[in-house]
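In our numbering, the protein residues as written are 653 to 976.
Beta carbons: idealized from backbone N, C-alpha and C, even for Gly.
Treat the numbers as computed from the prediction; the structure is a model and nothing was measured.
Accompanying notes for the structure given below.
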Amino acid sequence: MKAIRVHQFGPPEVLQLETLPEPMPGAGQVLVRVKAAGVNPVDTYIRAGTYGTLPALPFIPGSDAAGVVEAVGEQVPEWRVGDRVYIGGTVAGRAHGAYAELAVCDRRQVHRLNDRVSFEQGAAVNVPYATAYRALIQKAHAQPGEMVLIHGASGGVGVAAVQLALALGLRVIATAGSERGLHIVREQGAHVVLDHRQANYLDPIADLTAGRGVDIILEMLANVNLALDLSVLGKNGRVAVIGNRGSIEINPREIMRREASVTGVFLFNATPEELLSIHAALEAGLANGTLHPVIGQQFALADAARAHETILKPGACGKIVLVP
Ligand code: NAP
Numbered sequence: 653m654k655a656i657r658v659h660q661f662g663p664p665e666v667l668q669l670e671t672l673p674e675p676m677p678g679a680g681q682v683l684v685r686v687k688a689a690g691v692n693p694v695d696t697y698i699r700a701g702t703y704g705t706l707p708a709l710p711f712i713p714g715s716d717a718a719g720v721v722e723a724v725g726e727q728v729p730e731w732r733v734g735d736r737v738y739i740g741g742t743v744a745g746r747a748h749g750a751y752a753e754l755a756v757c758d759r760r761q762v763h764r765l766n767d768r769v770s771f772e773q774g775a776a777v778n779v780p781y782a783t784a785y786r787a788l789i790q791k792a793h794a795q796p797g798e799m800v801l802i803h804g805a806s807g808g809v810g811v812a813a814v815q816l817a818l819a820l821g822l823r824v825i826a827t828a829g830s831e832r833g834l835h836i837v838r839e840q841g842a843h844v845v846l847d848h849r850q851a852n853y854l855d856p857i858a859d860l861t862a863g864r865g866v867d868i869i870l871e872m873l874a875n876v877n878l879a880l881d882l883s884v885l886g887k888n889g890r891v892a893v894i895g896n897r898g899s900i901e902i903n904p905r906e907i908m909r910r911e912a913s914v915t916g917v918f919l920f921n922a923t924p925e926e927l928l929s930i931h932a933a934l935e936a937g938l939a940n941g942t943l944h945p946v947i948g949q950q951f952a953l954a955d956a957a958r959a960h961e962t963i964l965k966p967g968a969c970g971k972i973v974l975v976p
């Protein structure tokens, strides 16, 4: 099979297309023929060697993909050859990933992909939608009728968060930083869309909330925004930090006087039970059409290096996927 392999940590060029033996599923495992693989920012941190936990070299990157079941091992009664699926990780974790024509998954890492969802969209589900769900429901405990600011809504996680929040009956204020990104966020149905490249762009929040501030903030770039976030947060507000690329100074008094909470989100900390619950919700949302991943750009598998360069540039517009 063709796969991208990394033999040394480094710049995008270390992502090389190779021909490798076809893997076989063991007991309790499923072999998936990958039709599209999702590219996440974390894949770039791992490739560069800057992430907290790193796989042994060489490795195949990627945790997200969609495709069809090619073969099933023993003790996998629920899957049949030909089933449409999306995956959330692979058996060897970060050592044998999804940037490949075939991926071996534990049976619990395989989830049903409704016919209305394309394989490219399926590849956009796992990390982005699971993270958005974990942040909004499991960490920020969102309730219908609350107001959420999704700070950085044009990317993979942001689009997912907008769709989930709307499905739950929240009022959604969402930001993006390019014309195309703003357009995509508007298309998802966000109630108010703001441009995070403009000066004072959060000023309208005071009027929009009658001076109370928002209930929840999902933050994609905390090192830039956290201090500002606290200033537009309401009493008992919750900030869920999803993305961060540096440090920032905040005034803890802003948290104190609101009795607010700032909570971290780390999808890899989700327990098996929490993941079951997350994917049950995502499968249902994909099946009933409330969740519909937006694909910004597609690259051939051989172009993985270009996909890694693109995902770290400004101007996100949905999800980047690789097509083998
Ligand atoms: P992505 O598709 O590359 O999107 C990045 C988003 O950040 C875009 O919406 C971008 O908007 C926005 N952004 C850029 N500058 C911003 C600013 N000054 N203020 C607010 N937003 C800004 O990435 P993603 O997959 O959605 O992931 C988003 C972040 O979450 C990344 O840092 C990623 O590593 C992290 N993440 C964390 C977890 C976890 O478990 N904690 C899981 C998944 C992702 P424009 O491009 O329109 O400016």
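Item                                                                                                    : Value
Inter-stretch contact (C-beta, 8 Å, three-pair minimum) for the stretch 728–746 and the stretch 701–719 : yes
Exposure of threonine 827, with buried meaning 16 or more beta-carbon neighbours within 10 Å            : buried
Check whether threonine 696 and leucine 919 have beta carbons under 8 Å apart                           : no
Which of helix, strand or coil DSSP assigns to leucine 820                                              : coil
Stretch-stretch touch, CB-based, cutoff 8 Å, three pairs: the stretch 924–942 with the stretch 761–779  : yes
Arginine 864 to glycine 886 span [Cα, whole Å]                                                          : 5 Å
heavy atom of ligand 1 below 7 Å from alanine 817 C-beta                                                : no
Residue ranges of each beta strand (DSSP E) within the stretch 819–902, 3 or longer                     : 823–828, 844–847, 866–871, 885–893
Per DSSP, cross-strand counterpart(s) of alanine 700                                                    : Its beta-bridge partners do not exist; DSSP assigns none.
CB contact flag (glutamate 753, arginine 832, <8 Å)                                                     : no
beta-carbon glutamate 923 near ligand 1 non-hydrogen atom, thresh 7 Å                                   : Looking at the sequence shown, residue 923 is not glutamate but threonine. For ligand 1, not one heavy atom lies less than 7 Å from the Cβ of threonine 923.
8 Å contact criterion, which valine 893 and glycine 916 should meet: CB distance rounded                : 5 Å
Test item: CB-CB of valine 756 and proline 677 under 8 Å                                                : yes
Leucine 873 Cβ short of 7 Å to ligand 1 heavy atom set                                                  : yes
Proximity test, proline 693 beta-carbon vs ligand 1 heavy atom, cut-off 7 Å                             : yes
C-beta atoms of alanine 922 and glycine 895 nearer than 8 Å                                             : no
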